[in-house]
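Visitor:
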Amino acid sequence: MPLFSVWVQPMRVLGIETSCDETGIAVYCAAEGLLAHTIYTQTEVHAPFGGVVPELASRDHIRKLIPLLDQVLAEASLTVRDINGVAYTKGPGLVGALMTGAMMGRALGFALGVPTIGVHHLEGHLLASFLEEDAPAYPFLALLVSGGHTELIKVEGLGRYTQIGDTLDDAAGEAFDKTAKLLGLGYPGGAALAKLAEQGDSNRFHFPRPMTDRPGLDFSFSGLKTFALNTIETHGLDDKTKADVARAFQDAVVDTLTIKCKRALQQTGYKSLVIAGGVGANLALRASLKKLCDKFNAKLFFPRQEFCTDNGAMIAYAGCQRLLAGERDDLSVKVSARLGL
Ligand code: KG4
Ligand code: ZN
Numbered sequence: 277m278p279l280f281s282v283w284v285q286p287m288r289v290l291g292i293e294t295s296c297d298e299t300g301i302a303v304y305c306a307a308e309g310l311l312a313h314t315i316y317t318q319t320e321v322h323a324p325f326g327g328v329v330p331e332l333a334s335r336d337h338i339r340k341l342i343p344l345l346d347q348v349l350a351e352a353s354l355t356v357r358d359i360n361g362v363a364y365t366k367g368p369g370l371v372g373a374l375m376t377g378a379m380m381g382r383a384l385g386f387a388l389g390v391p392t393i394g395v396h397h398l399e400g401h402l403l404a405s406f407l408e409e410d411a412p413a414y415p416f417l418a419l420l421v422s423g424g425h426t427e428l429i430k431v432e433g434l435g436r437y438t439q440i441g442d443t444l445d446d447a448a449g450e451a452f453d454k455t456a457k458l459l460g461l462g463y464p465g466g467a468a469l470a471k472l473a474e475q476g477d478s479n480r481f482h483f484p485r486p487m488t489d490r491p492g493l494d495f496s497f498s499g500l501k502t503f504a505l506n507t508i509e510t511h512g513l514d515d516k517t518k519a520d521v522a523r524a525f526q527d528a529v530v531d532t533l534t535i536k537c538k539r540a541l542q543q544t545g546y547k548s549l550v551i552a553g554g555v556g557a558n559l560a561l562r563a564s565l566k567k568l569c570d571k572f573n574a575k576l577f578f579p580r581q582e583f584c585t586d587n588g589a590m591i592a593y594a595g596c597q598r599l600l601a602g603e604r605d606d607l608s609v610k611v612s613a614r615l616g617l
């Protein structure tokens, strides 16, 4: 019999995401998994401007952060005293927006006397699949496709990331958004374009598959929106043409990403492929990569749709892993618009 025993609480980490136009708050527990999370999207604030207005984003995060924190704690039946770690997104992103979450996270960590850490936004995306029951194991190949990034990454463990492919110009999500804008689908248009593509005829237009005719794992998507523009100028913008252009564009992006993933699986010999980032919500992409993985005897992993786009749960998860590894930040608050992984 021990003379005394010490009750050790499991690590419960509050995650705060404010890098762009989503306010995400979550609590992840090392022992019990995700306890609660919420995502508030500012789409309505920015839609009239056709893109994210940084100052409005910061102000809206400030308005929402504390009510959302209260909501998440109530959902998890916790009080703020039950939190024993804090993680916030430190970059990349909009500096003002990042500051709102970082300041709240850092202040809360200080007030509660708990370890606090800034998390790289892309690390959050890379590890989001670990929030699911069907989670990957290291090592795996990650296809990170978001509004700002299109990368192929070898993930060998926490913090062990090697980029093996990158975009030379527009990111996949950016190409989706710009093409959606050409089709009059508003901002952000990725999901709306994907929906419209379902009604499109895949045989009417054929868009190029950029950089697939040469070796390598890099991408270039900026030519596709020009191709879309030329097609619209030639054929007009009636409803059928809109849907057919959306379909041809999506087919081209999905095919291109699939061809590069195939090469990367061959090159690495890895048997697990993880999709991360907002474009990972695209069902046509998921279906195409599933087919590829089946052919290669590999397994495909992806987070549920709401964890593909920006969210607090992925930051809470990644922060929890870093804190468990003994990492902590000091009291200074450091955020960066640009930040290498
Ligand atoms: O990861 P994310 O939320 O933000 C960044 O970190 O960039 O990704 C947002 C991007 C946007 O470009 C959006 O249009 C795209 O993901 N997206 C989609 C879909 N849902 C979101 N693109 C294609 N199909 C979708 N279903
Ligand atoms: Zn993101």
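In terms of our numbering, the sequence shown opens at residue 277 and continues consecutively.
All C-beta atoms in this analysis are idealised placements derived from N, C-alpha and C, irrespective of residue type, glycine included.
1) What I want to know is whether the C-beta of A373 ends up closer than 7 Å to one or more non-hydrogen atoms of ligand 3.
2) Run the proximity test for G394: is its beta-carbon closer than 7 Å to any non-hydrogen atom belonging to ligand 2?
3) Which residue from A519, A601, H322 and I440 puts its Cα closest to that of S478?
4) May I ask you to verify whether the stretch 529–542 touches the stretch 486–496, counting CB pairs closer than 8 Å and requiring at least 3?
5) Hey, would you say the C-beta of G554 is under 7 Å away from at least one heavy atom of ligand 1?
6) Do the stretch 320–340 and the stretch 370–379 make contact, defined as three or more Cβ pairs closer than 8 Å?
7) From the DSSP secondary-structure annotation, give me the bridge partner or partners of Y414.
8) Closer than 5 Å between the C-beta and any heavy atom of ligand 2: which residues qualify, listed along the chain?
9) By the 10 Å Cβ neighbour count, where 16 or more other Cβ atoms means buried, how is P412 classified, buried or exposed?
10) Kindly provide the ranges of any beta strand (DSSP E) runs that are 3 or more residues long and lie completely inside the stretch 290–367, ordered along the chain.
11) Can you look up E409 in the DSSP assignment and give me helix, strand or coil?
12) Could you please give me the residues that DSSP links to L576 through a beta bridge?
13) Are there 16 or more other CB atoms within 10 angstroms of the CB of H397, so buried, or fewer, so exposed?
14) If I measure Cβ to Cβ from T317 and keep anything under 7 Å in the same chain, skipping five residues before and after, which residues do I get?
15) In angstroms, rounded to a whole number, what distance separates the CA positions of I292 and Y304?
16) Does the structure place the stretch 570–581 close enough to the stretch 344–360 that three or more beta carbon pairs sit under 8 Å?
17) Comparing the CB of D453 with every heavy atom of ligand 1, is any distance shorter than 7 Å?
18) Helix, strand or coil: how does DSSP classify R436 here?
19) Let me know the secondary structure DSSP gives E450 once reduced to three states.
20) Give me the Cβ distance between A363 and I591, rounded to the nearest whole Å; I'm assuming they're in contact under 8 Å.
21) Taking L461 as the reference, which of G385, L513, F386 and G423 has the closest Cα?
22) With T392 as the anchor, note down where its beta strand (DSSP E) starts and where it stops.
23) Whole angstroms is fine: what's the gap from S295's alpha carbon to T510's?
24) Let me check understanding here. Comparing Cα to Cα, which of P368, F503 and L434 lies closest to L600?
25) Do the stretch 538–557 and the stretch 403–412 touch if we need at least three Cβ pairs shorter than 8 Å?
26) Which partner residues of V431 appear in the DSSP bridge assignment?
27) Could you please give me the residues that DSSP links to F495 through a beta bridge?
28) Who are the near neighbours of E450 in its chain, counting only those whose CB is closer than 8 Å to its CB and skipping five residues on each side?
29) Please confirm whether any heavy atom of ligand 1 lies closer than 7 Å to the CB of A306.
30) Check the C-beta distance from G476 over to A522 and give it rounded, since I have them as a contact under 8 Å.
31) Give a yes or no on whether the C-beta atoms belonging to F416 and V555 are separated by under 8 Å.
32) Mind checking P464: buried by the 16 CB within 10 Å criterion, or exposed?
33) Can you round the beta-carbon distance between A302 and V348 to whole angstroms, since I take them to be within the 8 Å contact cut?
Guide: Result, derived from the coordinates:
1) Among the ligands present in this structure, namely ligand 1 and ligand 2, ligand 3 is not found.
2) no
3) A519
4) yes
5) yes
6) yes
7) The partner list for Y414 (beta bridge, DSSP) is empty, contrary to what the question assumes.
8) S422 and D586
9) buried
10) 298–305, 309–317 and 361–367
11) coil
12) L549
13) buried
14) D297 and E298
15) 11 Å
16) no
17) yes
18) strand
19) helix
20) 5 Å
21) L513
22) T392 to H396
23) 39 Å
24) L434
25) yes
26) F416 and Y437
27) T443
28) G423, G424 and F497
29) no
30) 5 Å
31) no
32) buried
33) 6 Å
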